[in-house]
Amino acid sequence: MPITELLKSASLVEIKQQYQTNILVRLSRSRLIVLPCYFIAIAYFLYADIYVNHFMPAAYARLPVISMTAIFAGVSLVPRWYQRWGYQLHHLCLFTVMAMMTFILSQSGEKPFYNSAITACVMVILIVLVEERGGLKVTLPIYLIPAISCGVYFFMIDLPRQKAMMLGNPVIFIFVCLVYSKVQENFRWRDFLNMKTIELQKKEAEGLYNELLIKNNEIVNQKDEIYTQNQALLQLVSTVEQQSQAIQLQNSKITSSIAYAQRLQSVILPQEQRFAQALGPDNYFILYQPRDIVSGDFYWLYSDADQFILAVVDCTGHGVPGAFMSVIGSQLLTELVELRQVYSPDKILNEMHRQVRRILKQDQSDSRDGMDMQLIRWQKDQQTLQFAGAMTPCYCLTLANGQLLEIRADRKAIGGEQAEEERLFTLQEIEVTSPTLLYLCTDGYQDQFGGPKGKKFMSSQLKTLLASLADQPLKDQETILAHTIEDWRALGNEQQVDDITIVGLRIG
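Taking this note's numbering, the leading residue of the sequence shown gets 64, the next gets one more, and so forth.
Okay, structure coming up:
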């Protein structure tokens, strides 16, 4: 049973308990009135037998009535008995009166059987009315009708004194029951039955109340347990918040450090002014998009009056590890070209490979870090382009015919594991007779996931895109390339997977 219904039943029991108490109070009051009436009836019977009938044999016919009245009186003396059987005894009185009336009327007339039957039916109907409606107004006709009949019968017919005394029996019972009927007002037989029902409901309510107490104790225990768990959870949340603040502080410090490292990395990258001096302000573009704050990609430039050397490098990894490798690569290129004046692209790559393995001690450790590199040398007077590549090709587009040429690189990296005795890179020379566009790219652009199916952009699509941009200014090409890869990534709802670097330039 739900707790709300249980509480309703508990309040109902209280109301019924008050109702039962009122019934018992009315019973106690009625006892004080009815008890004297019983003793008056006993006194009348004794007087009639001793002084009037002188213990005649006919007096013994009233012995059951006297005995019953004495029993009623005895029961009424004990309050506990009266509360239990008093109401039933009153109704026995009613039936006794009915029986005596029936007996008297059956002695007169020519058809005593029918008189008795009719009288009995009338009495039963009237008693039922008493039970349903109650009160003195309804009870009076039950007794007045036979009393008037007896009176008429007594005065109209000359009866012996003994027979007249017989009429006294019902008269005294009528008096007793009239008094009782007054007491009975607002008190019904169903009230008495309700008392038993109330007792059962009271016991049931007590059981439900005990169950309620048990459930209430369980709820209190659960509440205490929930409170304990809540306190533990609050403590845990507080600990998590402290740890989160510590992590945020640490992350802020790391981010600040990486941001500072990005400023240091930007120092090793050639300034835009150097590109403008070496190639012309409208003859180049640089698309440079690190995946993280710092990048594993970098580009490097050397120029003098006769030539310029450009390298685009993709170091192993990205972020901070890649940035460290980019510093090493940039420093090695500066040392080889500017200090040692090694200008041939293949020799630069050969020496870069040896120096990376030396610096990282790869012949003594399991380090497999390295670089993919494209390096071109443009000799202005000779109009000759030299190229050497490690893993990554260079794209060459002749503006005269719009044909895009892929200059393949060697399928070996700078640094890392070396199975061969000596790693040497191939030098390729191309004579440029007309204006030509060169594109040096790392693999971040073509390996970017996206598009409607979440696939890689691929080198074939990149070459088609570059060929379609031949008639566009180089600065506009940079913008188109940036927007294209951004749209490709957004279409597949993908994050940037690697550093992206594309350097485009015009020669010839």
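Where a beta carbon is used, it is the ideal one built from N, C-alpha and C, also for glycine. On a predicted model such as this, the values are computed, not experimentally measured, just so you know.
Counterpart residues of residue i in DSSP-defined beta bridges
i: GLY452; result: GLN437
i: SER366; result: PHE371
i: GLY478; result: GLY433
i: GLY513; result: LYS518
i: THR318; result: The partner list for THR318 (beta bridge, DSSP) is empty, contrary to what the question assumes.
i: PHE361; result: VAL376
i: THR499; result: THR461, ILE570
i: ASP473; result: ALA453
Limits of the unbroken beta strand (DSSP E) element including residue i
i: ALA374; result: 370 to 378
i: ASP539; result: ASP539 -> not in any beta strand (DSSP E); alpha helix (DSSP H) instead, spanning 537 to 554.
i: GLN573; result: Residue coverage of the chain in this structure runs from 64 to 571, which leaves residue 573 outside it and unanswerable.
i: VAL566; result: 563 to 570
i: GLY469; result: Here residue 469 turns out to be Glu, not Gly, going by the sequence shown. From DSSP, the beta strand (DSSP E) with GLU469 extends over 466 to 470.
i: LEU19; result: Absent from the model: residue 19. The displayed extent of the chain is 64 to 571, so no value can be given.
Selection from the options that minimises the alpha carbon distance to residue i
i: ILE356; options: THR318, ALA341, GLY380, LEU568; result: THR318
i: ARG431; options: LEU554, HIS416, GLN442, LEU350; result: HIS416
i: TYR458; options: LEU468, PHE450, ALA451, GLY452; result: LEU468
i: ASP444; options: LEU460, TRP551, VAL495; result: VAL495
i: PRO536; options: ARG569, GLY270, ILE134; result: ARG569
i: LYS519; options: LYS526, LEU525, THR527, ASP510; result: ASP510
i: GLY507; options: ILE493, SER522, SER531; result: SER522
i: SER393; options: SER366, ASP360, ARG354, ALA451; result: ASP360
i: LEU332; options: GLN311, TRP363, SER315; result: TRP363
i: ASP550; options: ILE565, THR527, ALA530, GLY517; result: GLY517
i: GLN559; options: ASN413, VAL566, ALA545; result: ALA545
i: LEU503; options: PHE512, LEU529, PRO515; result: LEU529
i: GLN446; options: THR499, LEU423, ASP287, TYR351; result: THR499
i: ASP367; options: LYS266, LEU342, ALA324, GLY382; result: LEU342
i: GLU335; options: GLU557, LYS266, THR547, LYS538; result: LYS538
i: GLN427; options: GLU480, GLN292, GLY382; result: GLU480
i: VAL330; options: SER358, GLU267, ASN273; result: SER358
i: GLN328; options: GLN306, GLN292, GLN311, TYR351; result: TYR351
i: GLN425; options: ALA482, ASP473, GLN524, LEU271; result: ALA482
Limits of the alpha helix (DSSP H) - the one that residue i falls within
i: GLN340; result: 335 to 342
i: LEU332; result: Where LEU332 is concerned, there is no enclosing alpha helix (DSSP H), given that its DSSP letter is neither H nor E.
i: ARG417; result: 408 to 422
Contact with chain D by residue i, beta-carbon distance below 7 Å
i: LYS266; result: Absent from the structure: chain D. Only one protein chain is present.
For residue i, three-class secondary structure by DSSP
i: LYS4; result: The structure shown does not extend to residue 4, since the chain spans only 64 to 571, so no value can be given for it.
i: ARG354; result: coil
i: PHE348; result: strand
i: GLN445; result: coil
i: PHE250; result: The pLDDT assigned to PHE250 is 46, lower than 50, so where the model puts this residue is not dependable; a value taken from the coordinates is nonetheless given after this. It is coil, neither helix nor strand.
i: SER171; result: Note that SER171 scores 49 on pLDDT, short of 50, meaning its location in the model is unreliable and no value can be drawn from it.
i: PRO384; result: helix
Beta carbon of residue i nearer than 7 Å to that of residue j
i: ARG574; j: ILE372; result: Residue 574 falls outside the range modelled here, since the chain spans only 64 to 571, and no answer is possible.
i: GLY380; j: ARG420; result: no
i: PRO408; j: GLN449; result: yes
i: GLN437; j: THR455; result: yes
i: ARG354; j: ASP561; result: yes
i: ASP377; j: ASP435; result: yes
i: PHE348; j: GLN540; result: yes
i: ALA476; j: GLY433; result: yes
i: THR505; j: THR542; result: no
i: ALA451; j: LEU490; result: yes
i: LEU399; j: ILE391; result: no
i: GLY513; j: GLY571; result: no
i: GLN418; j: LEU396; result: no
i: GLN442; j: GLN340; result: no
i: PHE488; j: ASN413; result: yes
i: ALA463; j: SER497; result: yes
Heavy atom of the ligand NAD within 6 Å of residue i beta-carbon
i: PRO333; result: With respect to the ligand NAD, the structure offers nothing, as it holds no ligand at all.
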